[in-house]
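Input: a single structure, listed below in structure tokens.
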Amino acid sequence: MTRLDAGVEVLGLIIFGGMVIFVFGDQCNPLSKTKYAAENCVLQGFTYAHTTVRSRVTCERACSLDGRCKSFNFNDCNKTCELNLATRREHPRNFTAAQGRVYFDEDEETPRHSPCDNTCTYFDAVPGWRLVFRGVAGRGMKLSDMWTAACGDPGVMATAGSCRDDSLHEAWRSGALAVRWVKLSLCDFIGCRAELIFDGTGSDILNWFTKDRLISSPWKDLNSSSEINFFGIEGDVFFQHRRFFINHKYGSCPWDYGWLIVVDSLEMNGCDWERSQAYPIILCSTAEGYVRWEDAVTGGSSAAIARADYLTIHIDAE
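In structure tokens, the structure reads:
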């Protein structure tokens, strides 16, 4: 595979009917081409040249100046430009979902043929709420890393079966999005076991998940006066695998009590109750209050503990 270089361009970007369209022109040799975008998609297996460029505009120009180029992929996070020898129409089976990337060609039908059903838009079926993140348990990828990373890795997301709306995530992270409410849901493939609502006013991707911002939860004993030793996405900085952690108190493993935890990985100094065949694991209380985490493995009389299949983060924003 070769690398490409792109020079100075004169190029316009038009948004029409929900589609991103490029109109290209060269000052010395005027011409125009229209490119149609399929967001969160990529054509795989036909890239013959790649480089890091400044923008989609620069990538489009490189494609337009190369007679071999029939389409291109662009990564909005790391600014990687990939020139392709084929198109979506020619090889539909190679046209796949890739969160944070965008595919362009000259086919006006391209935006209508997106197969990207594992993007967050596909899962977002809750009126009034916008899905920002869906993190799946047991796939070997740390949910906290996928949530906090500035740029979502499409390969990691696809492997993990998770998704993240990078446009909403970036807007929230940078303060450009006026978030009013945040909802964290803990679900299995039958339904949701627990939902927590937070005040999102003035929040970012980390500080919304705090005790002071909590508005409602299914647990009667979780309130402003509750005894809590951890409440945060970062969790316990000593046991760094304990994330999205709402914990009541520690008692040397057998007597650890809490409401919610995401165990992102296996640690040598971890407790029996956080050991699993596959990580991450998502545990939450199904009782009216906190539970003893050890009961997740011993099956004690108070074993009202759910192991969720996935969690979601929704926002209500202006």
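Quick note on the working numbering: the sequence shown kicks off at 16 and runs consecutively. Backbone N, C-alpha and C fix where the C-beta goes; we use that ideal spot for every residue, glycine too.
Under the DSSP assignment, residue 312 falls in the alpha helix (DSSP H) whose first and last residues are 310–313. For the pair residue 117 and residue 181, the Cα-to-Cα distance works out to about 12 angstroms.
Of the other Cβ atoms in all chains shown, fewer than 16 fall within 10 Å of the Cβ of residue 107; this residue is therefore exposed. Contact between residue 149 and residue 178 holds: their C-beta atoms lie close to 5 angstroms from each other, under 8 angstroms. Around the Cβ of residue 221, a 10 Å sphere holds fewer than 16 other Cβ atoms; the residue is exposed. Between residue 213 and the set 195, 202 and 333, the nearest pair of CA atoms involves 195. Contiguous beta strand (DSSP E) elements confined to the region 265–294 occur at 272–278, taking only those with 3 or more residues.
Excluding the 5 residues flanking it on each side, residue 306 has same chain C-beta neighbours closer than 8 angstroms at 272, 273, 274, 300, 317, 318, 319 and 320, in chain order.
Beta-bridge annotation (DSSP): residue 118 is paired with 53 and 88.
Residue nearest to residue 61 within the set 202, 79 and 98 is 98 (criterion: CA-CA distance). In the structure shown, the three-state DSSP call for residue 307 is strand. The bridge partners DSSP lists for residue 96 are 66 and 89.
7 angstroms or more divides the Cβ of residue 243 from the Cβ of residue 257. In terms of CA proximity to residue 109, 56 leads the group 56, 201 and 143. Residue 102 counts as buried, since no fewer than 16 other beta carbons sit within 10 angstroms of its beta carbon. Under the 10 Å beta carbon count, residue 239 is surrounded by fewer than 16 other beta carbons and is classified as exposed.
Membership of residue 241 in any alpha helix (DSSP H) is not indicated, and neither H nor E is assigned to it by DSSP.
The straight-line gap separating the alpha-carbon atoms of residue 172 and residue 314 is approximately 33 angstroms. Check the Cα spacing between residue 329 and each of 183, 191 and 152: the tightest is with 183. The DSSP-derived three-state label of residue 152 is coil.
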